[in-house]
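What follows is a set of notes on a single structure, which appears directly below.
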Amino acid sequence: MLQLSEIVHRVPFHLPLRFDLTAPTPQPVPPTDSRRRIHSQVALSLLEALRDQDLPEEILDDENVSITMPRRLGLSGVVDTQIRRYREEVRRRRRIPDAEVRDLIRLVVRRPDSEDVFLRVGEDLNRGEGGGGWAGVLPQGLQRRIALRRIRRKLRWLFGRRLVQATGIPFVLRATESLFIDGDPGGDACQIVTGIARAELQRMGGASGRLTHRACLGKGDDACVWELAED
5 MLQLSEIVHR
15 VPFHLPLRFD
25 LTAPTPQPVP
35 PTDSRRRIHS
45 QVALSLLEAL
55 RDQDLPEEIL
65 DDENVSITMP
75 RRLGLSGVVD
85 TQIRRYREEV
95 RRRRRIPDAE
105 VRDLIRLVVR
115 RPDSEDVFLR
125 VGEDLNRGEG
135 GGGWAGVLPQ
145 GLQRRIALRR
155 IRRKLRWLFG
165 RRLVQATGIP
175 FVLRATESLF
185 IDGDPGGDAC
195 QIVTGIARAE
205 LQRMGGASGR
215 LTHRACLGKG
225 DDACVWELAE
235 D
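Mapped onto this note's numbering, the consecutive letters of the sequence shown carry residue numbers 5 to 235.
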């Protein structure tokens with residue numbers, strides 16, 4: 005049976021326009037990390053998002069397979085088998101190595117809609133928890149401070165390490181290194197954090213502004229920065 009790491013290398017790679025093919029920048033190879041730090045729910049959410057976003061399996065006469073084949077992977081038997089496996093891992097509250105999540109990120113980023121998939125994954129990872137009902141009860145500044153604390157705690161619980169710091173008022177998150185960039189040098193996978201933060205802000209009633217990922221390590225900035233801009 006094919007494993008996900010094998011699928012990553014077999015699927016035709018759809019190069020996003022943001023890459024400079026004339027002067028490629030070599031990416032450092034991440035060190036092998038066998039520690040099981042990441043919650044299996046992350047892998048499950050990535051695969052379920054792939055499956056749910058996929059197009060039907062009809063073949064069009066003018067179909068560009070290099071673009072649509074990565075989308076159809078979510079409907080394949082291999083992915084379905086892996087979803088069942090990760091559901092069992094989640095049930096047992098098990099964690100998985102970084103390498104498994106990096107492989108899944110590399111699989112998603114080959115799709116033309118990868119940014120939307122990652123955003124949906126982040127929202128799903130922070131859905132269905134308590135903490136609502138704050139709108140109209142607490143001052144908005146306090147709501148956002150509580151949201152910042154909950155976001156940092158959620159990310160640490162999911163990924164087994166501190167991923168972001170709160171560095172500004174009223175709402176700024178900053179990361180000087182990123183697990184996601186290892187799997188996606190272009191930075192689309194950072195939308196997982198965007199989705200988690202947006203879901204938390206909405207739950208806390210502090211969503212009157214617009215949360216943006218205004219700086220990214222994948223685009224040459226010195227840090228990834230998420231900021232809440234006032235409407």
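In this text, a Cβ means the ideal position worked out from N, Cα and C, and glycines have one as well. As the structure is a prediction and not an experimental result, all values here were calculated from the model.
**Asked** Out of D56, R160, L48 and V125, which has the shortest C-alpha to C-alpha gap to I87?
**Response** Residue numbering aside, residue 87 sits at position 83 when the sequence shown is read from its first letter. It is L48 whose Cα lies nearest to the Cα of I87.
**Asked** Assuming I4 and E204 make a contact with CB atoms under 8 Å, what is their CB distance in whole Å?
**Response** With the chain covering only 5 through 235, there is no way to say anything about residue 4.
**Prompt:** Do you know how far the Cα of L123 is from the Cα of Q114?
**Reply:** As a first step, residue 114 must be located in the sequence shown, where it is residue number 110. As a first step, residue 123 must be located in the sequence shown, where it is residue number 119. It is Arg, not Gln, that sits at residue 114 in the sequence shown. Their backbone Cα atoms lie some 15 Å apart in a straight line.
**Message:** I'd like the span of the beta strand (DSSP E) that includes L232, first residue to last.
**Reply:** As a position in the sequence shown, residue 232 is number 228, starting the count at 1. Where L232 is concerned, the enclosing beta strand (DSSP E) stretches over C228 to A233.
**Asked** Are three or more beta carbon pairs between the region 190-205 and the region 223-230 nearer than 8 Å?
**Response** Yes, the region 190-205 touches the region 223-230.
**Selected residue, minimal CA-CA separation from E231, among R207, Q169 and V82** = Looking up residue 231 in the sequence shown gives position 227. Measuring C-alpha to C-alpha distances from E231 to each of R207, Q169 and V82 identifies Q169 as the nearest.
**Message:** Between which residues of its own chain and R202 is the CB-CB distance below 6 Å, once the five residues before and five after are set aside?
**Reply:** For this step, residue 202 is matched to residue 198 along the sequence shown. Excluding residues up to 5 positions away in sequence, L215 lie with their Cβ nearer than 6 Å to the Cβ of R202 in the same chain.
**Prompt:** For the candidate residues F175, E181 and V176, whose alpha-carbon lies nearest to that of R166?
**Reply:** Here residue 166 is taken as the residue at index 162 of the sequence shown, counted from 1. Checking every option, the nearest Cα to that of R166 belongs to E181.
**Three-way DSSP call (helix, strand, coil) for R98 in this model** = Counted from its first residue, the sequence shown places residue 98 at position 94. In the structure shown, R98 adopts coil according to DSSP, grouped into three states.
**Item:** Helix, strand or coil at T198 according to DSSP, with G and I counted as helix
**Value:** Indexing the sequence shown from 1 puts residue 198 at position 194. Of the three classes helix, strand and coil, the one that applies to T198 here is helix, per DSSP.
**Request:** Less than 8 Å between the CB atoms is what I'm expecting for R41 and D102, so what's the real figure, rounded?
**Result:** The residue given as residue 41 occupies position 37 in the sequence shown. The residue given as residue 102 occupies position 98 in the sequence shown. Right, their Cβ atoms sit about 7 Å apart.
**Prompt:** Roughly how many whole angstroms lie between the Cα atoms of V112 and G145?
**Reply:** Along the sequence shown, read from residue 1 onward, the residue named residue 112 stands at position 108. Along the sequence shown, read from residue 1 onward, the residue named residue 145 stands at position 141. Approximately 36 Å, taken between the alpha carbons.
**Asked** My guess is that S44 and R110 are in contact by the Cβ rule of under 8 Å, so how many angstroms apart are they, rounded?
**Response** For the purposes of this step, residue 44 is identified with residue 40 of the sequence shown, where counting begins at 1. For the purposes of this step, residue 110 is identified with residue 106 of the sequence shown, where counting begins at 1. The C-beta distance from S44 to R110 rounds to 18 Å, too long to meet the 8 Å contact threshold.
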